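Chains as they are written, first to last, in my numbering: chain A, -15 to 228; chain B, 2 to 178.
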């Protein structure tokens, strides 16, 4: 009995030493500008022209799988359900990953050359197009909403002018857009066909964003800022500053 | 028109048309950002180590896993942050990974690019991150910066492996894209 108590005490002590505990099974969440993503037991990596799968059923031992040619200027990858949304400088590509090791291209949404991350929710993809010297596009800045319920017939159901969108994130009825030097936007997507503005903070710079459990994490030249959006309005919580 | 005049004029027309049809090669840009490669010896780039927290300098991509926030330091590695209290995030450690720009996590394994290699790191204990698998040459040699419409100092493989590109004031850089 004494020994059992000793073991329990020891276990208790051990559990204290590891502050916060180990990461739980499963995958985490990346931003819209990511080139690495995990979906189920597969790690997907986009290079400048290709999509490479790694089997990570045994997470400690990634095994290279199929490498698919996507096209030119591949920039971002976003997983949603059994699909991958790949953002390139010429458009958005949707891949079916029902067979995870062999992503199959099922749809293409082409647009003018620009930088364009993409996120998805429900039957809708949200694509931002950005101008800039690195994006082969001098003028267009917009948010396009694309209905992909029919993969053979993608439909643009809305396009909204933006200033210089770098990254975006979606959570429920809210869409967040990092407008680079121009600030941070909160939009209402309750009706994806009619996107409405909620808030525009032009006092900060914002690149990529991750909305997660009522908290928005924002990357900016000043550092990593966090906001609460529990009330649909952004409340600043903290900034981990960049040291000059 | 006399036949002897007709042929030269036809030739002239051909020449003019030819001039219109041949696409002119793109001119090197004279403005725009200038980059230079940052080299590291081939042996040094495969050293991954856990360091005490480091200041953020050039924050890149971010990744959330449980209570942790991972922040890429462009070209250098990953800051591990305890984010249980988002009003007061606490830096726990810095994983030094030369050339690193990307990351994703499953379970307690973090996948990262390490210049040419893909590494799988066990981050269960952020103070002691271990390489559990390295896939060599998973990525191509970065012979140019990712940005387009830029000029840059041409890479010289004899000087080592390129771990990142940095903006620099260089006179008359010879490479561009």
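Cβ atoms here follow ideal geometry from the backbone N, Cα and C, with glycine treated the same way.
These numbers were taken from a predicted model, which means no experiment stands behind them.
Let me know the secondary structure DSSP gives residue 158 of chain B once reduced to three states.
-> helix
Helix or strand or just coil, what does DSSP make of residue 178 of chain B?
-> coil
Identified DSSP bridge partners for residue 159 of chain A = A:154 and A:171
For residue 46 of chain B, which of helix, strand or coil comes out of DSSP?
-> helix
Rounded to whole angstroms, what's the CA-CA distance from residue 27 of chain A to residue 58 of chain A? Just pull it up for me.
-> 17 Å
Within 10 angstroms of the Cβ of residue 230 of chain A, are there 16 or more other Cβ atoms? Answer buried if so, exposed if not.
-> Residue 230 of chain A lies beyond the range of chain A shown here (-15 to 228); nothing can be said about it.
Would you be able to state if there are at least three C-beta pairs under 8 Å between the stretch 151 to 168 of chain B and the stretch 33 to 47 of chain A?
-> Per the Cβ contact rule, the stretch 33 to 47 of chain A is not in contact with the stretch 151 to 168 of chain B (fewer than 3 Cβ pairs under 8 Å).
With 16 other CB atoms within 10 Å as the buried threshold, where does residue 216 of chain A fall?
-> exposed
For residue 243 of chain A, three-class secondary structure by DSSP | This structure cannot speak to residue 243 of chain A, because chain A is shown only from -15 to 228.
If we cut at 8 Å on Cβ distances, does residue 1 of chain B have a partner in chain A?
-> The structure shown does not extend to residue 1 of chain B, since chain B is modelled only from 2 through 178, so no value can be given for it.
Give the residues of chain B in contact with residue 226 of chain A, contact being defined as C-beta atoms less than 9 Å apart.
-> The contacting residues are 56, 57, 58, 59 and 60.
Going along the chain, which residues of the stretch 193 to 207 of chain A sit with their C-beta nearer than 7 Å to a C-beta in chain B?
-> 194, 196, 199, 201, 203 and 207
Whole angstroms is fine: what's the gap from residue 92 of chain A's alpha carbon to residue 138 of chain A's?
-> So the alpha carbons of these two residues sit roughly 8 Å apart.
Positions along the stretch 89 to 115 of chain B whose CB lies within less than 7 Å of some CB in chain A | 89, 90, 103, 104, 105, 106, 107, 108, 109, 110 and 112
Quick one: which chain B residues come within Cβ less than 8 Å of residue 44 of chain A?
-> By Cβ distance, chain B contributes 110, 121, 123, 133 and 134.
Give the range of the beta strand (DSSP E) segment to which residue 103 of chain B is assigned.
-> Residue 103 of chain B -> no beta strand (DSSP E), and no H or E assigned at all.
Please list, in chain order, all residues of the same chain as residue 174 of chain B whose beta carbon is under 6 Å from its beta carbon, the five residues on each side excluded.
-> Counting only Cβ-Cβ distances below 6 Å, and skipping sequence neighbours, we find 35, 152, 153 and 154.
Could you work out which residues of chain A lie near residue 82 of chain B, taking near to mean beta carbons separated by less than 9 Å?
-> Those within 9 Å of residue 82 of chain B in chain A are 208 and 224.
Return the bridge partner residues of residue 35 of chain A from the DSSP annotation.
-> Per the DSSP secondary-structure output, residue 35 of chain A pairs in a beta bridge with A:30 and A:52.
Cutoff 8 Å: residue 87 of chain B Cβ touching any chain A Cβ | yes
Residue 172 of chain B at chain A interface by Cβ criterion, 8 Å = no
Taking Cβ positions only, does residue 19 of chain A come closer than 8 Å to chain B?
-> It does; some Cβ of chain B falls within 8 Å.
From the DSSP output, read off the bridge partner residues of residue 119 of chain B.
-> B:114 and B:136
DSSP state of residue 144 of chain B, grouped into three classes?
-> coil
Is the closest heavy atom of the ligand FAD to the C-beta of residue 167 of chain A under 7 Å?
-> Here there are no bound small molecules, and the ligand FAD is not part of this structure.
Look at the Cβ atom of residue 102 of chain A, then the Cβ atom of residue 76 of chain A, and state whether they are nearer than 8 Å.
-> A Cβ-Cβ contact shorter than 8 Å links residue 102 of chain A with residue 76 of chain A.
Count the C-beta pairs between the stretch 105 to 118 of chain A and the stretch 180 to 190 of chain A that are closer than 8 Å, then say yes if the count reaches three, no if not.
-> no
Contact belief for residue 164 of chain B with residue 61 of chain B at Cβ below 8 Å, rounded distance in angstroms = With a Cβ gap of about 14 Å, residue 164 of chain B and residue 61 of chain B do not count as contacting.
Count the other C-beta atoms from every protein chain shown that fall within 10 angstroms of the C-beta of residue 52 of chain B, then say buried if there are 16 or more, exposed otherwise.
-> exposed
Check whether residue 52 of chain A and residue 66 of chain A have beta carbons under 8 Å apart = no
Whole-Å CB distance - residue 210 of chain A paired with residue 87 of chain B, under 8 Å assumed | 5 Å
How about residue 137 of chain B and residue 114 of chain B: do their beta carbons lie closer than 8 Å?
-> Not in contact: residue 137 of chain B and residue 114 of chain B (Cβ atoms no closer than 8 Å).
Residues in the stretch 151 to 164 of chain B having any Cβ partner in chain A nearer than 9 Å | With the criterion set as a beta carbon lying under 9 Å from some beta carbon of chain A, the members of the stretch 151 to 164 of chain B are 151, in sequence order.
Distance, Cα to Cα, residue 150 of chain A vs residue 94 of chain A?
-> 18 Å
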